[in-house]
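Residue numbers (this note's numbering): 37 to 206.
Positions of the beta carbon are idealized from the N, C-alpha and C atoms, including for glycine.
Everything numeric in this text was worked out from a predicted model, so none of it was measured.
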Amino acid sequence: MGRKLPDSPPSETRDDLRDPTRRSVTLTSGARVPYPEPSSKAATKVGRANRRADTKPEQRLRSLLHRRGRRFRKDYFVHAGAVRVHIDVAFPRQHVAVFVDGCYWHGCGEHGSTPSRNRDYWAPKLLANRERDDRVDGALKEAGWIVIRVWEHGDPAVAAGRIEDALRKH
Ligand SMILES: [Zn+2]
37 MGRKLPDSPP
47 SETRDDLRDP
57 TRRSVTLTSG
67 ARVPYPEPSS
77 KAATKVGRAN
87 RRADTKPEQR
97 LRSLLHRRGR
107 RFRKDYFVHA
117 GAVRVHIDVA
127 FPRQHVAVFV
137 DGCYWHGCGE
147 HGSTPSRNRD
157 YWAPKLLANR
167 ERDDRVDGAL
177 KEAGWIVIRV
187 WEHGDPAVAA
197 GRIEDALRKH
């Protein structure tokens, strides 16, 4: 902590990808850069898989929680401090916030390598995403939430176990 972070979050990448009229992205520095066309079919596929709500790993986790009788809100909007965020899976009463992070956008160690094309664009963008994650976590914790982040490549049963541990604490 102690790092000075910008007051307003960068625009949401996944929204940018969804809306073809918004073909540029704001970096942490405030610079706006044009949205680079995907350099391969694979990149396009990854982009499509990272829409905000109802990605497959999220669906798997939600169905598992549902089968275990857990009641939650999906894509739950919270305004915490200066941060506005949609929580992927939220337990508002217990203040438990769960994010299912895409390996690519959030830079997982196993699958999150920066693409070799358009590196000048992607490296700062992916760094900005991680900074935003830190900012979101900090603001939510400050507001009394327990924040749980799970990777989309992770086992949903392990994730559900972590979530249930957190629910028991509140
Ligand atoms: Zn991964």
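Does the Cβ of PHE135 have 16 or more other Cβ atoms within 10 Å, making it buried, or fewer, making it exposed?
-> Against the sequence shown, residue 135 aligns to sequence position 99. Burial check for PHE135: the Cβ neighbour count within 10 Å reaches 16 or more, so the residue is buried.
Straight-line gap, ALA202 to ALA133 (C-alpha atoms, nearest Å) | The residue given as residue 202 occupies position 166 in the sequence shown. The residue given as residue 133 occupies position 97 in the sequence shown. About 10 Å.
Is it buried or exposed for ASP170, if we count other Cβ within 10 angstroms and need 16 for buried?
-> As a first step, residue 170 is located in the sequence shown; it is residue number 134 there, counting from the start. So ASP170 ends up on the exposed side.
For TRP181, which three-state DSSP category applies?
-> Position 145 of the sequence shown, counting from 1, holds the residue named residue 181. The answer is coil: DSSP assigns TRP181 none of H, G, I, E or B.
Tell me whether GLU94 is buried or exposed, calling it buried when 16 or more other Cβ atoms sit within 10 Å of its Cβ.
-> Counting from one through the sequence shown, the residue named residue 94 turns up at place 58. The residue in question, GLU94, is buried, as its Cβ has 16 or more Cβ neighbours within 10 Å.
Beta carbon of ARG109, beta carbon of ALA126: below 9 Å?
-> What you label residue 109 is simply residue 73 of the sequence shown in a count that begins at 1. What you label residue 126 is simply residue 90 of the sequence shown in a count that begins at 1. In this structure, ALA126 lies closer than 9 Å to ARG109 by Cβ.
Tell me whether ALA118 sits in a helix, a strand or coil according to DSSP, three-state version.
-> For this step, residue 118 is matched to residue 82 along the sequence shown. When DSSP states are grouped into helix, strand and coil, ALA118 belongs to the coil group.
Should ALA159 be labelled buried (16 or more other beta-carbon atoms within 10 Å of its own) or exposed?
-> Residue mapping note: residue 159 aligns to position 123 of the sequence shown, counting from 1. By the 10 Å Cβ count, ALA159 comes out exposed.
Between which two residues does the beta strand (DSSP E) harbouring ASP137 extend?
-> Position 101 of the sequence shown, counted from the first residue, corresponds to residue 137. ASP137 -> beta strand (DSSP E) spans 132 to 137.
Would you decide whether ALA164 is buried or exposed? Buried here means 16 or more other CB atoms lie within 10 Å of its CB.
-> For the purposes of this step, residue 164 is identified with residue 128 of the sequence shown, where counting begins at 1. Buried.
Taking all protein chains shown into account, do 16 or more other C-beta atoms lie within 10 angstroms of the C-beta of ARG98, making it buried, or fewer, making it exposed?
-> Here residue 98 refers to the residue found at position 62 of the sequence shown. With 16 or more other Cβ atoms within 10 Å, it is buried.
Could you check what DSSP says for ARG109 in three-state terms: helix, strand or coil?
-> Translated into positions along the sequence shown, residue 109 becomes position 73. ARG109 falls in the strand class under three-state DSSP.
Run the proximity test for TRP141: is its beta-carbon closer than 8 Å to any non-hydrogen atom belonging to ligand 1?
-> The sequence position of residue 141 within the sequence shown is 105, counting from 1. No, since every heavy atom of ligand 1 falls outside the 8 Å radius drawn around the Cβ of TRP141.
In three-state DSSP terms, what is ASP191?
-> Here residue 191 refers to the residue found at position 155 of the sequence shown. The answer is coil: DSSP assigns ASP191 none of H, G, I, E or B.
Pair within 9 Å by beta-carbon distance, VAL172 and VAL186 = The residue you call residue 172 lines up with position 136 of the sequence shown. The residue you call residue 186 lines up with position 150 of the sequence shown. Cβ distance not < 9 Å, so VAL172 and VAL186 don't count as in contact.
Is HIS189 near ligand 1, with its Cβ less than 8 Å from a heavy atom?
-> Within the sequence shown, residue 189 is the residue found at index 153, counting from 1. Yes; taking the cut-off as 8 Å, the Cβ of HIS189 has a heavy atom of ligand 1 nearer than that.
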